[in-house]
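Numbering (the working numbering), first residue to last: 97 to 616.
Quick reminder that beta carbons are idealized off the backbone N, C-alpha and C, glycines included.
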Amino acid sequence: MKQTCVVLITFSMLFFVGTAWAALITPLNSGYWSSTATNEPWPNGILPTTNDFVEVTTGITITNDTTNAVCEALDSSEDTGAATGTVLMEPNSVLTVCGQNEGYGAYDLDVLDATATNCTVIYQGNSFWAKHTDYWNLVFSGWGDFYNGSIYGNPSTPMTIYGNFIMDGTNVPSDQTTGYTGCYVECGDDITVDGNLYIGPSNAWDCSVGNITVYGNTICAGMLWDKDAMDGSNNFVGGLTIVSNGMWLTNVQNTLVAKLGWTNADNVGPNDVYGPGNAGVRGGSLYIMDVQEWAVGGNLTNDGIIGFGTNYGSITMYGNGVMAGTNPMYMPTLFINGTNEVLDTVNLTTNYPAVNGTLIFDLAYTNEITLDAGTNAFYYSANGTLEVVDSGRAPVAGQTFQLFDNLANTNYVGQYATTTLPALPSGLTWTNELLVDGSIAVLGGASINITSGHYNAKTLQFQLTWSSTVGADYTVLESPTLNPPNWTPLQSNIPSGGTTTTVTVTMPAGTKGFLQVMSQ
């Protein structure tokens with residue numbers, strides 16, 4: 097909050113300096129924004145331009161009926177009567193508040209009714225001066241800090257965005273580039289988005305106090321975090337995607353973190369936010385998880401960076417979705433309360449996961465849930481359903497699948513209500529060690545019979561044929577003695593040829609020895 101107060105004082109001083117830069121237009125009567133009739137509502141019928149300051153006074157209602165309404169700022173500050181000066185948006189209308197001079201926006205307008213179906217308000221300047229009210233579609237395309245909490249006696253304002261909220265601030269004037277690369281939204285009170293939320297590169301969303309709920313899709317190409325790690329919660333009902341891009345986000349680069357003046361003392365920096373193995377400068381988008389309550393009702397996709405801060409935060413997956421992406425996820429802990437499939441590596445940094453719903457693994461992927469080594473973990477709670485599927489080739493004898501890694505067997509609580517494993521070919525069985533070391537393995541299988549072997553002394557090559565299983569992979573091993581401590585692989589990942597497999601291997605020069613065929 098100290099940062100917000102300083103910004104407010106600075107902006108207020110600049111407001112009075114810059115007032116004379118723009119023309120002041122005071123509507124003389126209520127009317128439509130597009131009207132060019134004399135004094136109905138605009139003086140001489142001249143519509144406001146991008147440089148005009150529009151003063152909407154008591155009893156005046158300007159109805160925006162167009163998609164190209166523009167002004168420098170909207171205000172009612174000269175109004176000495178009841179606060180009834182109003183701008184009313186019609187369905188599908190668009191209003192652009194340019195606000196290029198400091199202190200200009202729509203914050204001091206008495207009433208901005210912007211909830212008509214599919215209407216849009218665009219703030220191109222400092223988002224600090226955006227009106228704290230409900231919107232249908234809201235766009236921040238400039239810079240600055242937006243805070244809907246209590247400021248100087250003005251109450252905090254919970255807000256609902258009935259359509260989409262787009263935060264893609266790139267319109268940063270040259271005199272602001274030392275402080276901003278885009279917009280910074282801090283939830284001082286609740287913000288609910290019924291549509292989609294987009295956070296563009298070099299823009300940041302901080303849920304430190306209020307609660308954010310997004311019913312549509314949330315796409316973050318910038319920064320999503322909780323700076324204070326205190327009271328805020330984050331509920332992404334429709335799912336959350338962290339996208340990859342060229343943004344560099346670290347406290348040693350001249351970008352968002354550096355320009356906003358954060359340091360390691362604020363729990364942000366290369367070693368604080370990226371997680372084990374990710375320390376240092378890192379490109380791409382960033383999602384910081386440093387609060388107690390994060391919830392995702394759909395898919396959680398990480399193509400950028402999912403890191404963590406300093407608190408014992410958690411993500412609760414409560415809907416039907418997939419945890420996937422091109423990059424591993426780092427998070428304090430995880431609750432599975434819905435039906436969720438793991439197609440990405442999830443690294444837990446403080447605690448075991450709790451499975452209360454249905455957790456799905458696909459053996460065609462190598463991803464797993466891992467507890468960070470050295471973590472003082474608590475309990476892994478397995479009360480829900482574990483379902484293992486296989487969209488790839490059928491498992492073969494000897495294969496082990498590590499679904500959970502580094503989970504101590506003394507800290508398990510409960511057991512899965514139901515465990516479902518894929519069907520196996522005839523003669524194979526599963527051994528279930530999920531509540532011991534987090535693995536399942538394939539046992540049994542038909543024996544491998546070498547049906548023919550031809551040795552060429554000149555080339556030192558052996559051609560082997562053996563009975564095989566469709567879909568299996570094999571390894572040929574060699575030893576100079578029949579019972580060695582270890583056999584040496586000569587060739588691995590030999591695909592099955594069907595009911596029989598034939599392969600030619602080269603013996604080590606001058607060695608007379610033994611060969612063995614094993615299923616991988």
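Of the residues 223, 250, 484, the one whose Cα lies closest to the Cα of residue 238 is 223. Straight-line spacing of the CA atoms in residue 158 and residue 183 works out to 5 Å. The beta carbon of residue 559 sits closer than 6 Å to the beta carbons of 550, 600 from its chain, once the five residues preceding and following it are set aside; these are given in chain order. Beta bridge pairing from DSSP links residue 540 with 524.
Contact between residue 300 and residue 312 is ruled out by a C-beta separation of about 20 Å, above the 8 Å threshold.
A distance of 8 Å or more separates the beta carbons of residue 280 and residue 268.
The alpha carbon of residue 137 has as its nearest neighbour, out of 146, 149, 147, 122, the alpha carbon of 122. Residue 497 is bridged by DSSP to 536. Pairing residue 574 with residue 602, the inter-Cα distance amounts to about 10 Å. The C-beta separation of residue 481 from residue 527 comes to about 20 Å, leaving the pair out of contact by the 8 Å criterion. Per DSSP, reduced to three states, the secondary structure at residue 127 is strand. A buried status is given to residue 451, since no fewer than 16 other beta-carbon atoms sit within 10 Å of its beta-carbon. For residue 564, the closest of 591, 583, 596, 291 by C-alpha to C-alpha distance is 596. The C-beta distance from residue 283 to residue 304 rounds to 7 Å, short enough to fall under 8 Å.
Residue 564 carries a coil assignment under DSSP once its states are collapsed to helix, strand and coil. With distances taken between CA atoms, residue 511 lies nearest to 453 out of 208, 453, 424. In chain order, 234, 289, 293 place their CB closer than 6 Å to the CB of residue 261, counting only its own chain and leaving out the 5 sequence neighbours on each side.
CA-CA distance, residue 446 to residue 340, rounds to 26 Å. Beta bridge pairing from DSSP links residue 464 with no other residue. Between the beta-carbon of residue 152 and that of residue 181 there is about 4 Å, and that keeps the pair under the 8 Å contact cut. Under the three-state reduction of DSSP output, residue 139 falls in the helix class.
Shown here, residue 223 sits in a helix according to DSSP, grouped into three states. Restricting attention to 162, 427, 525, the CA atom closest to the CA of residue 540 is found in 525. Secondary structure of residue 271 (DSSP, three-state): helix. For residue 339, the secondary structure class from DSSP, reduced to helix, strand or coil, is coil. Distance from the CA of residue 316 to the CA of residue 335, rounded to the nearest whole angstrom, comes to 11 Å. The residue among 205, 228, 444 with its C-alpha nearest the C-alpha of residue 403 is 444. Contact between residue 518 and residue 485 holds, since their C-beta atoms are separated by about 6 Å, short of 8 Å.
Boundaries of the beta strand (DSSP E) around residue 287: 287-289.
Burial state of residue 227 is buried, judged by a 10 Å Cβ sphere holding 16 or more other Cβ atoms.
Residue 604 and residue 556 have their C-alpha atoms spaced approximately 7 Å apart. Remark: C-beta atoms of residue 255 and residue 212 do not approach each other more closely than 8 Å.
Classified as buried, residue 395 has 16 or more neighbouring CB atoms from the shown chains inside 10 Å of its CB. With respect to the 8 Å criterion, residue 538 and residue 495 are classified as neighbours on the basis of their beta carbons. Assignment of residue 200 by DSSP, reduced to helix, strand and coil, places it in the coil class.
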